[in-house]
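One structure is given below, encoded as structure tokens.
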Amino acid sequence: MKVRHFFAALVILFVCLIGLPAIGQQKKEELFPNPINLQVPHISTDKSVKHDFDIVYVRTPRKGDKATSLWAEIAHPSIMDSKGDLMLLHPDGKEEVLVEGGEDGSVTDPFVSFDGQWVYFSHLQGLKGTSQHGQSPFKGADIFKIHVPSRKIVQLTHQEWSPNTGAANWASDIRKPEKDKTSLNYGVLNLGPCPLPGGRIVFTSNRNAFKPPKHPSPCLQLFVMDEDGKNVEMIGHLNIGMALHPTILKDGRIVFSSLESQGLRNSILWGLWQIHPDGTNWG
Numbered sequence: 214m215k216v217r218h219f220f221a222a223l224v225i226l227f228v229c230l231i232g233l234p235a236i237g238q239q240k241k242e243e244l245f246p247n248p249i250n251l252q253v254p255h256i257s258t259d260k261s262v263k264h265d266f267d268i269v270y271v272r273t274p275r276k277g278d279k280a281t282s283l284w285a286e287i288a289h290p291s292i293m294d295s296k297g298d299l300m301l302l303h304p305d306g307k308e309e310v311l312v313e314g315g316e317d318g319s320v321t322d323p324f325v326s327f328d329g330q331w332v333y334f335s336h337l338q339g340l341k342g343t344s345q346h347g348q349s350p351f352k353g354a355d356i357f358k359i360h361v362p363s364r365k366i367v368q369l370t371h372q373e374w375s376p377n378t379g380a381a382n383w384a385s386d387i388r389k390p391e392k393d394k395t396s397l398n399y400g401v402l403n404l405g406p407c408p409l410p411g412g413r414i415v416f417t418s419n420r421n422a423f424k425p426p427k428h429p430s431p432c433l434q435l436f437v438m439d440e441d442g443k444n445v446e447m448i449g450h451l452n453i454g455m456a457l458h459p460t461i462l463k464d465g466r467i468v469f470s471s472l473e474s475q476g477l478r479n480s481i482l483w484g485l486w487q488i489h490p491d492g493t494n495w496g
């Protein structure tokens, strides 16, 4: 009886082993097309898409399938590939360059005004030699707005900085090394402009020269300014853990992303926060 069971087990094992090569030869599921088809049909050929408005976006040169492109993101909001242009896309598919990023710069964070006439944006400068794990843009970033019908460009920030002079003996310029003085090796970063009801603009800036805890990037805090760039006021006194991408809500609140841990016991947990334009009722 035991011999019979032994031979039966051998037969079952033999059948299983025969089936293994067949299992191994099964074609693996393709998770994405390879190579990627870049011949995208013109939008006018898709009759399901109905739109009669222009779109603004940022365009950078593509490096190919085997090269890594750099885009501004939460960990490195001031690092991206150079030559990022601000583009205008019409409903018929035609494109126009509104603002050139330049050989050493890129446009980022575009935001359309309430009347659709202006586009606010930040222009990064000094991107050559930067990296996600090292140098931030030496020339920093400033906020502009462009009047789309006339193409008139207005600069709203001009590398203003306001460090705590009681905390360090600062150099005469944020990027100028001076003996026994504190300086930084990157410029002031003014990012994320968003128009507010009443004519003011909220944005983020590292002009106070703080550094967030447990994070290597410059500390960006919330500020507001008039539509001409004057009367700058900090509203994000709490933003020691950074603030990014402020956006106005229908009820007048500002929503933004932040690295403030507030007891979460994790150094990389980003969350959504809210604040009123005057800096009150945050949370």
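With the sequence shown counted from 1, adding 213 to any position gets you the working numbering. All residues carry an ideal CB built from backbone N, CA and C; glycine is no exception.
Which term fits serine 349, buried or exposed, when burial requires 16 or more other beta carbons within 10 angstroms of its beta carbon? It counts as buried.
Coil, strand or helix - asparagine 511 by DSSP: Residue 511 lies beyond the range of the chain shown here (214 to 496); nothing can be said about it.
Pop quiz: valine 415 and leucine 435 are said to be a contact at Cβ under 8 angstroms. What is the actual Cβ separation, rounded to whole angstroms? Between leucine 435 and valine 415 the Cβ distance is about 6 angstroms, and since that is below 8 angstroms, they are a contact.
Beta-carbon within less than 7 angstroms of serine 248's beta-carbon, same chain only, minus the 5 sequence neighbours each way: which residues are those? It should be pointed out that residue 248 corresponds to proline in this sequence rather than to serine. Asp278, listed in sequence order.
Selected residue, minimal CA-CA separation from cysteine 432, among Ser470, Phe327, Lys389: Closest by C-alpha distance to cysteine 432, out of Ser470, Phe327, Lys389, is Ser470.
Inspect the beta-carbon positions of methionine 187 and leucine 369 and report whether they are closer than 9 angstroms. A question about residue 187 goes unanswered here, because the residues of the chain that appear run from 214 up to 496.
Run of the beta strand (DSSP E) containing glutamine 252, from where it starts to where it stops: Careful: glutamine 252 lies outside any beta strand (DSSP E) and carries neither H nor E.
Proximity winner among His489, Asn421, Asp386, Arg364, relative to arginine 413 (alpha-carbon distances): With distances taken between Cα atoms, arginine 413 lies closest to His489.
Are aspartate 267 and leucine 302 close, meaning C-beta to C-beta below 9 angstroms? Yes. Within cutoff.
Output needed for asparagine 382: all residues of its chain with C-beta closer than 8 angstroms, excluding positions within five of it in sequence on either side, in chain order. So the qualifying residues of the chain are Asp393, Lys394, Thr395.
Taking serine 335 as the reference, which of Ser291, Gly342, His346, Pro304 has the closest Cα? When each option's Cα is compared against that of serine 335, the closest is Ser291.
So, with DSSP's three-state summary, where would you put threonine 258? Helix at threonine 258.
Apart from the five residues just before and just after leucine 311, which ones in its own chain have a Cβ nearer than 8 angstroms to its Cβ? Cβ-Cβ distances below 8 angstroms link leucine 311 to Val269, Asp298, Leu299, Met300, Leu301, Val332, Ile359, Val361, Arg364 in the same chain, with the five nearest sequence neighbours on each side left out; the list follows chain order.
Compare the beta carbon distance of glycine 306 and serine 257 with 9 angstroms and say whether it is the shorter of the two. The Cβ atoms of glycine 306 and serine 257 sit closer than 9 angstroms to each other.
Starting from valine 401 and walking both ways along the beta strand (DSSP E), at which residues does that stretch end? It is not in any beta strand (DSSP E) - valine 401 carries neither H nor E in the DSSP assignment.
Where do the N-terminal and C-terminal ends of the beta strand (DSSP E) with histidine 336 fall, by residue? Note, histidine 336: beta strand (DSSP E), 331-338.
Nearest neighbour of serine 418, chosen from Pro406, Pro410, Pro429 [CA to CA]: Nearest option by C-alpha distance: Pro406.
Quick check on aspartate 355: does DSSP put it in helix, strand or coil? Three-state result, aspartate 355: strand.
For histidine 289, three-class secondary structure by DSSP: When secondary structure is reduced to three states using DSSP, histidine 289 falls in the coil class, being assigned neither helix nor strand.
To the nearest angstrom, how far is the alpha carbon of threonine 460 from that of arginine 466? Approximately 8 angstroms between the Cα atoms of the pair.
Helix, strand or coil at proline 461 [DSSP, three-state]: In the sequence on display, residue 461 carries isoleucine and not proline. Strand, per DSSP.
Which of helix, strand or coil does DSSP assign to serine 471? Three-state result, serine 471: strand.
Once DSSP output is grouped into helix, strand and coil, what is the label at tryptophan 383? Strand.
Span of the beta strand (DSSP E), counted from its first residue to its last, around tryptophan 486: Taken as a continuous stretch (DSSP letters only), the beta strand (DSSP E) holding tryptophan 486 covers 484-488.
Exposure of glycine 442, with buried meaning 16 or more beta-carbon neighbours within 10 Å: Under a 10 Å Cβ-count criterion, glycine 442 is classified as buried, with 16 or more other Cβ atoms of the shown protein chains found around its own Cβ.
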